[in-house]
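Here the sequence shown is numbered in my numbering, starting from 205 and rising by one per residue.
First comes the structure, then the notes that go with it.
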Amino acid sequence: MADTDPAGPVMDRDEVDRALARLGAEHEAIETSLLALQDHAGRRLLEGAGLTGVTAERWTSTEAAITLLWTYFDAYTDVLRTAREIRARRRWSSREDLAELTELLRGEPVTVAGSTAATANAPAPHGGQAGPGVLSERWSLSALVDRMNELYASSLDMVVAADAVWSALPARIDLLSAELRRTSRLAHSVGVRPGEHPAGDDLERITRTLKKLREQVVSDPLAFWRPAEGSSAPGGGKPDTTVYDREARALEDVRREIDAVLAVRQDAEKRIVRLRDVLSRADRTLAEARTARGEVLAKIAATEVPVVSGPPTALQEQLSTAAEYRRHAQWHRLSPLLESLEQKAEDELLRARESLTAVTAPLAVRAELRGRLDAYRAKVTRHGLAEDPLLVERYEKARRMLWSAPCDLRAAEQAVLRYQQAVAELLGAAPGVPGQGTGPDERRGPGA
205 MADTDPAGPV MDRDEVDRAL ARLGAEHEAI ETSLLALQDH AGRRLLEGAG LTGVTAERWT
265 STEAAITLLW TYFDAYTDVL RTAREIRARR RWSSREDLAE LTELLRGEPV TVAGSTAATA
325 NAPAPHGGQA GPGVLSERWS LSALVDRMNE LYASSLDMVV AADAVWSALP ARIDLLSAEL
385 RRTSRLAHSV GVRPGEHPAG DDLERITRTL KKLREQVVSD PLAFWRPAEG SSAPGGGKPD
445 TTVYDREARA LEDVRREIDA VLAVRQDAEK RIVRLRDVLS RADRTLAEAR TARGEVLAKI
505 AATEVPVVSG PPTALQEQLS TAAEYRRHAQ WHRLSPLLES LEQKAEDELL RARESLTAVT
565 APLAVRAELR GRLDAYRAKV TRHGLAEDPL LVERYEKARR MLWSAPCDLR AAEQAVLRYQ
625 QAVAELLGAA PGVPGQGTGP DERRGPGA
């Protein structure tokens, strides 16, 4: 063996003892790691699982790698045992023993027969010692340790990744599925069903997606593994929860919508009563506006009075529909209808009030002119000018116009203004300038 020895000079006894100690420690560490890998929960699960996809491919390779690891380890163990036996022959090893030990410890003493078949599915070594058609491999002990470390790292990476996905995702999917079932029962109780409400369709889609996701996670966990960038440690990475997170958010959205429907069920009667009250007030306001319009047309002349519309029959019909939904517990339909009706009812009440204000505006103008005329009359009386012929004439003329029916607002306003001017002249104020002196402020109506 010495003539083919590439190991260099023969080792002395101290070098041999140090090498044997180091190799023994490596042997013990490798054995511990292999036994731990053999007992790993992830590996046992992989052995019994019906795998598909990338996980099936990786597990075929990993199984071959683990088998090859034990083959290498057994060969490594045999060579180490032989070296220890040679060293144990004599306390002081002979030159021949040291040469043989040098060959074992530094040469390529490990031969693995049939390695081409054994490594058919295992990862190729980085060193590339074996190739197509090679029926055996020769290894040095140090190179064999490196190869075993390489195979162990790749095998452990695959086992840890699969185990991490199985530990994280199926349990979370099961919890979400349980929540999904509770939500579906609640949705069904309030009338949220597939084909009748969008939230019911969403629940059906989430159910299908979670079922398919769990099947894929169980059979192909590595499809849901995201390796950590820049990490070479076995198992570096985390489970990919993108699909799970998306469905969890979708379920939360459905749950909020169902909560809204439940809230409708709890206060539907109060909201319907409140809607009836608002629409009733709108009807009464419109009725008052119609009455006021007739009064305005009878009492005020030469004035455009807006037409008052009839009661909102469409809203009353929708309110009846809402009451029907409530009686039949169709909460999913009642919820959006009530929200729409509440806004429309408030708008209708506001429109009725604006209509009443617009219709009664001429009466308000007449009342303002009457008040202004009486205020100036009282001022004239305080100054002792009540019997002035001009003032009496203009006062009576304005009064007749304002207290007659129908009242011509434009002519009445001009009469009031002429009376104001006469009062201002007698009191020494500049005529036609509102607000001067101690008299009341002039206010001009819409017909000025």
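C-beta: ideal position from N, C-alpha, C; glycine also.
Using CA coordinates, which residue listed in the options is at the minimum distance from residue i?
{"i": "E617", "options": "A626, V627, M605, A628", "result": "M605"}
{"i": "A365", "options": "L414, L250, M352, R285", "result": "L250"}
{"i": "A432", "options": "V468, L542, D361", "result": "D361"}
{"i": "T275", "options": "L255, L308, E235, R248", "result": "E235"}
{"i": "Q547", "options": "E354, A562, A571, Q522", "result": "Q522"}
{"i": "G311", "options": "A347, R285, Q625", "result": "A347"}
{"i": "Y623", "options": "D612, A609, R603, W607", "result": "R603"}
{"i": "E558", "options": "K601, E572, D487, R531", "result": "D487"}
{"i": "M396", "options": "L466, R412, R430", "result": "According to the sequence as given, residue 396 is Val; it is not Met. Among L466, R412, R430, the Cα nearest to that of V396 belongs to L466."}
{"i": "M352", "options": "T259, S237, G441", "result": "S237"}
{"i": "R247", "options": "R389, D367, R217", "result": "D367"}
{"i": "R494", "options": "R485, D481, S513, A502", "result": "S513"}
{"i": "L589", "options": "E550, L631, D551, A579", "result": "L631"}
{"i": "E499", "options": "A568, R469, A464, D551", "result": "A568"}
{"i": "R485", "options": "P515, H536, D282, G575", "result": "P515"}
{"i": "I410", "options": "E400, F428, I377", "result": "I377"}
{"i": "H536", "options": "F277, A472, D481", "result": "A472"}
{"i": "A279", "options": "E341, E289, R294, A268", "result": "E341"}
{"i": "A549", "options": "E528, T517, R262", "result": "T517"}
Residue j and residue i - do their beta-carbons sit closer together than 8 Å?
{"i": "V363", "j": "L241", "result": "yes"}
{"i": "V584", "j": "L594", "result": "no"}
{"i": "I504", "j": "L577", "result": "no"}
{"i": "L538", "j": "R531", "result": "no"}
{"i": "A357", "j": "P443", "result": "no"}
{"i": "V421", "j": "P374", "result": "yes"}
{"i": "L490", "j": "A556", "result": "yes"}
{"i": "D406", "j": "A452", "result": "no"}
{"i": "L272", "j": "L355", "result": "yes"}
{"i": "I270", "j": "T387", "result": "no"}
{"i": "P566", "j": "V511", "result": "no"}
{"i": "R475", "j": "L542", "result": "yes"}
{"i": "L545", "j": "A496", "result": "no"}
{"i": "G441", "j": "R430", "result": "yes"}
{"i": "A391", "j": "A382", "result": "no"}
{"i": "H231", "j": "L284", "result": "yes"}
{"i": "T259", "j": "L417", "result": "no"}
{"i": "R291", "j": "V220", "result": "yes"}
{"i": "S359", "j": "T266", "result": "yes"}
Helix, strand or coil: how does DSSP classify residue i here?
{"i": "V396", "result": "coil"}
{"i": "W343", "result": "strand"}
{"i": "A292", "result": "coil"}
{"i": "T256", "result": "coil"}
{"i": "V214", "result": "coil"}
For my contact list, residue i and residue j are in at a C-beta cut-off of 8 Å; report their separation, rounded to the angstrom.
{"i": "S287", "j": "L309", "result": "It is worth fixing the name first, because residue 287 is Ala in this sequence and not Ser. Indeed they touch by this definition, with Cβ atoms about 6 Å apart."}
{"i": "V316", "j": "L345", "result": "V316 to L345, Cβ: 13 Å. No contact."}
{"i": "L553", "j": "L519", "result": "11 Å between Cβ atoms; not a contact."}
{"i": "L384", "j": "L414", "result": "7 Å"}
{"i": "D424", "j": "L255", "result": "7 Å"}
{"i": "V620", "j": "L573", "result": "5 Å"}
{"i": "C611", "j": "R570", "result": "6 Å"}
{"i": "R469", "j": "V563", "result": "Contact flag wrong, Cβ pair sits at about 41 Å."}
{"i": "A502", "j": "A609", "result": "6 Å"}
Is there a C-beta anywhere in chain B that falls below 8 Å from the one on residue i?
{"i": "G575", "result": "Absent here is chain B; the protein component of the structure consists of one chain."}
* Any chance you could list the beta strand (DSSP E) runs of at least 3 consecutive residues sitting entirely within the stretch 398-450, in chain order? => 429-431, 441-443
* Asked: Where are the alpha helix (DSSP H) runs, 4 residues long or more, that stay fully inside the stretch 526-611, in chain order?
  -> 535-586, 593-606
* What are the start and end residues of each continuous alpha helix (DSSP H) run of 4 or more residues lying completely inside the stretch 462-532, in chain order? -> 517-531
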